[in-house]
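J.: I am attaching a structure below and will ask some questions about it afterwards.
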Amino acid sequence: MAATGRQQGRRRREAPDVRRDQILDAAETVLLSKGLQATTVADVAEAAGIAKGTVYLHFESKTELLAGLRARHVERFSESLADCLTGPGRSKPMGRVERFIDEFFHYSITHRDLHHLLFHEAGFSEDDAFAEVKLLLRNLIEMGMESGDFANGDAEIVTDFLISGIHGSLVTALHTQGGSGASYINGAKLMSRRILAPAATS
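Residues 39 to 240 (the working numbering) make up the sequence shown, in order.
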């Protein structure tokens, strides 16, 4: 059956995004295999099964390609945390904070090589990497404070403190040879519970 004009138009609109993701997928694979310095745009094009000129239609340079890969990595990190906070189960605020910590570690450990390549080898800044993540956690903390599940306080300061602690624990876990991060995850949860727990009433 022939595609309708609307279907054809939809495919044309989607094609650039699909192609862009195809290129980024290839770039991620090649970069993690060959390394940052050895990888060329031609290598990425070959891995993607397209002409080098097609890559340049979407990314003007290797640097722009890396920037696109970084943006996608940060976006997917934020989306994974958003999904874990809005998914079913453990609806209590503290349970959701613990789920947040689990996913923060899981995603970061799973993608540790890509993160190292982008933020250490390529030298991209991490300044905005946690912007969406902080907003997600702050909203949850504000909700917990309003419901009485968390101690009252400045949600912005508490969020910054928790993110710094969780990230610091993650960095240490990543540099611990052979470690799965389990003890650091449990430690981050314990400290979060102590910080967020409302004052006991007599």
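Even for Gly, the Cβ is constructed at its ideal location relative to N, Cα and C.
Rounded to the nearest angstrom, what separates Gly47 and Ile61 at their Cα positions?
T.: Note that Gly47 scores 46 on pLDDT, short of 50, meaning its location in the model is unreliable; the coordinates nonetheless yield the value given after this. For Gly47 and Ile61, the distance between alpha carbons rounds to 22 angstroms.
J.: Whole alpha helix (DSSP H) runs in the stretch 122–174 with 4 or more residues, listed along the chain?
T.: Segments of the alpha helix (DSSP H) lying fully in the stretch 122–174: 131–148, 150–154.
J.: Considering just the uninterrupted stretch of the alpha helix (DSSP H) at Ser207, what are its terminal residues?
T.: Residues 193–212.
J.: Please report the distance separating the alpha-carbon of Arg232 from that of Gly225.
T.: The alpha-carbon atoms of Arg232 and Gly225 are separated by roughly 11 angstroms.
J.: Would Gly73 pass as an interface residue toward chain E - the criterion being a Cβ-Cβ separation below 8 angstroms?
T.: Of the chains in the structure shown, none is chain E; there is only one protein chain.
J.: From Pro131 to Ala105, what distance separates their C-alpha atoms?
T.: Approximately 35 angstroms between the Cα atoms of the pair.
J.: When we look at the beta-carbon of Asp166 and count the other beta-carbons within 10 Å, is it buried (16 or more) or exposed?
T.: By the neighbour-count rule (16 or more Cβ atoms within 10 Å), Asp166 is not buried but exposed.
J.: Leaving out five residues on either side along the sequence, give the residues of the same chain with a beta carbon under 8 angstroms from the beta carbon of Met39.
T.: Residue placement at Met39 cannot be trusted, given a pLDDT of 43 that sits under 50; what the coordinates show is reported in the next sentence. Excluding residues within five positions, none has a Cβ falling inside 8 angstroms.
J.: Could you tell me the alpha carbon to alpha carbon distance between Asp151 and Gly203, rounded to whole angstroms?
T.: Distance between the alpha carbons of Asp151 and Gly203: 22 angstroms.
J.: Helix, strand or coil: how does DSSP classify Ala89 here?
T.: Of the three classes helix, strand and coil, the one that applies to Ala89 here is coil, per DSSP.
J.: Inspect the beta-carbon positions of Ile201 and Phe143 and report whether they are closer than 8 angstroms.
T.: Taking 8 angstroms as the Cβ cut-off, Ile201 and Phe143 do not qualify as a contacting pair.
J.: Assign Ala85 to buried or exposed, taking buried as 16 or more other Cβ atoms, counted over all protein chains shown, within 10 Å of its Cβ.
T.: Per the 10 Å Cβ criterion, buried.
J.: List the whole-angstrom C-beta distance separating Pro236 from Ala189, where the pair is believed to meet the contact cut-off of C-beta under 8 angstroms.
T.: Pro236 to Ala189, Cβ: 5 angstroms. Contact.
J.: Quick check on DSSP: helix, strand or coil for Gly106?
T.: Of the three classes helix, strand and coil, the one that applies to Gly106 here is helix, per DSSP.
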